[in-house]
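J.: Residue 590 in my numbering is what sits at position 274 of the sequence shown, and the numbering runs on without skipping anything.
C-beta: ideal position from N, C-alpha, C; glycine also.
It should be emphasised that the depicted structure is a prediction, and the values quoted were computed from it without experimental measurement.
Pasting a structure below so you can have a look.
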Amino acid sequence: MPLPLIYHDDYSPEFPPDHRFPMDKFRLLRDHLVDSGLTTDEALLRPQVCPNDILALAHDRGYIERYMNGELSREDQRRLGLPWSEALARRTVRAVGGSLLAAEQALQHGIACHLAGGTHHAHYDHPAGFCIFNDLAVISQYLLQAGRVQRVLIFDCDVHQGDGTARILHDTPEAVTVSLHCEQNFPARKAHSDWDIPLPRGMNDQAYLKVVEDALNYLLPLYQPDLVLYDAGVDVHQDDALGYLQLTDAGLAARDEHVLRQCLGRDIPVVGVIGGGYSKDRLALARRHGILHHSAARVMGCSQ
């Protein structure tokens with residue numbers, strides 16, 4: 317069984333080339349995974365758009381309609397930081413559908429990875445920090461309310477705190493939110509995750525990996541989740557434009573392999589989403605995001 321990988325051509329719509337959000341990274345990630353021999357374009361699983369009724373499990377219906385119709389307030393548009401277009405709106409709901417499909421594949425096969433996802437700054441009724449709808453919260457609510465799982469653990473390793481996820485799921489004890497993030501970074505006003513693990517600026521591979529290892533060794537036996545949603549943000553990398561940590565490529569690979577092995581070793585299905593990553597060198601950024609998928613393929617190969 318090859319590693320299930322989820323992608324759609326909608327993921328990189330036309331976008332201002334000088335914008336700080338690297339919208340082309342999703343397409344470049346697909347190209348990198350194909351060129352490196354990990355997959356073929358034909359093997360990638362293409363998701364449907366996420367229906368409004370499923371989005372509404374984690375978001376206000378009025379907000380969903382405002383965004384999809386291009387009617388955000390000026391304040392919400394400022395919080396988001398992305399220019400509205402029909403193509404971006406379609407991309408947004410398609411990507412949430414991609415994370416849902418990845419979760420379905422993980423429950424079936426033990427592991428699956430999305431070539432997008434991790435929009436953890438999106439809140440119940442407004443966007444923020446390049447995030448429109450919160451795929452992590454939507455997946456959690458959908459699977460819990462459908463009775464597919466009894467407990468979900470979100471292990472968020474993006475350099476920024478998963479504030480939207482924490483706030484949306486605050487009153488859902490069956491969804492455990494864990495955020496490892498650089499303490500002195502966006503957002504300025506932090507939310508309260510179930511487990512916040514703030515990290516100092518400048519942390520290197522060795523110190524960071526010790527924190528990841530200790531957290532998983534404690535939390536996975538404590539909660540025994542039926543599914544782990546792993547946000548594998550690469551903005552912890554030393555060359556990232558918006559992070560303040562000092563991980564190397566080798567550190568990212570060690571982190572990803574450790575998270576995935578810990579989950580599969582305990583028979584816990586795990587979904588990998590790519591989270592944040594910001595660099596003007598888009599090809600290097602795509603390769604950096606691809607570390608998750610190559611790591612997952614190695615782990616899946618070893619577990620079979």
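Under the assumption that residue 280 contacts residue 475 (Cβ atoms under 8 Å), give the Cβ distance between them as a whole number of angstroms.
T.: In the structure as shown, the chain starts at 317 and stops at 620, and residue 280 therefore has no counterpart that could be examined.
J.: Which value, in whole angstroms, describes the spacing of the CA atoms of residue 480 and residue 354?
T.: For this step, residue 480 is matched to residue 164 along the sequence shown. For this step, residue 354 is matched to residue 38 along the sequence shown. Those two C-alpha atoms are separated by around 33 Å.
J.: What separation, rounded to the nearest whole angstrom, lies between the Cα atoms of residue 486 and residue 478?
T.: Counted from its first residue, the sequence shown places residue 486 at position 170. Counted from its first residue, the sequence shown places residue 478 at position 162. Taking the straight line joining both Cα atoms gives about 12 Å.
J.: On a Cα-Cα basis, can you pick out the residue from 320, 505, 439 and 319 that is closest to residue 377?
T.: As a first step, residue 377 is located in the sequence shown; it is residue number 61 there, counting from the start. When only C-alpha atoms are compared, the closest one is 439.
J.: Buried or exposed: where does residue 386 fall if 16 or more other Cβ atoms within 10 Å of its Cβ makes it buried?
T.: As a position in the sequence shown, residue 386 is number 70, starting the count at 1. Flag for residue 386 reads exposed.
J.: Taking the beta strand (DSSP E) that residue 262 falls in, what are its first and last residues?
T.: The question about residue 262 has no answer, for the chain in this structure spans 317 to 620.
J.: Can you tell me which of 489, 516 and 560 puts its alpha carbon nearest to the alpha carbon of residue 550?
T.: Residue numbering aside, residue 550 sits at position 234 when the sequence shown is read from its first letter. Ranking the options by Cα distance to residue 550, first place goes to 560.
J.: If you draw a straight line from the alpha carbon of residue 345 to that of residue 564, how long is it in whole angstroms?
T.: Residue 345 sits at position 29 when you count from the first residue of the sequence shown. Residue 564 sits at position 248 when you count from the first residue of the sequence shown. Taking the straight line joining both Cα atoms gives about 18 Å.
J.: Report the rounded CA-to-CA distance for residue 587 versus residue 449, giving the unit in angstroms.
T.: The sequence position of residue 587 within the sequence shown is 271, counting from 1. The sequence position of residue 449 within the sequence shown is 133, counting from 1. Residue 587 and residue 449: Cα-Cα distance of roughly 18 Å.
J.: Give the straight-line distance between the Cα atoms of residue 336 and residue 594, rounded to the nearest whole angstrom.
T.: Mapped onto the sequence shown, residue 336 falls at position 20. Mapped onto the sequence shown, residue 594 falls at position 278. C-alpha separation (whole angstroms): 8 Å.
J.: Determine, using beta-carbon pairs with one atom in the region 527 to 546 and one in the region 390 to 408, whether at least three such pairs fall under 8 Å.
T.: Output reads no: the region 390 to 408 does not touch the region 527 to 546.
J.: Just confirm the distance between the C-beta atoms of residue 580 and residue 455, as a whole number of angstroms; I'd bet it's less than 8 Å.
T.: The sequence position of residue 580 within the sequence shown is 264, counting from 1. The sequence position of residue 455 within the sequence shown is 139, counting from 1. Residue 580 to residue 455, Cβ: 19 Å. No contact.
J.: Among the candidates 382, 503 and 578, whose CA atom is the shortest distance from the CA of residue 537?
T.: Your numbering for residue 537 matches position 221 in the sequence shown. When only C-alpha atoms are compared, the closest one is 578.
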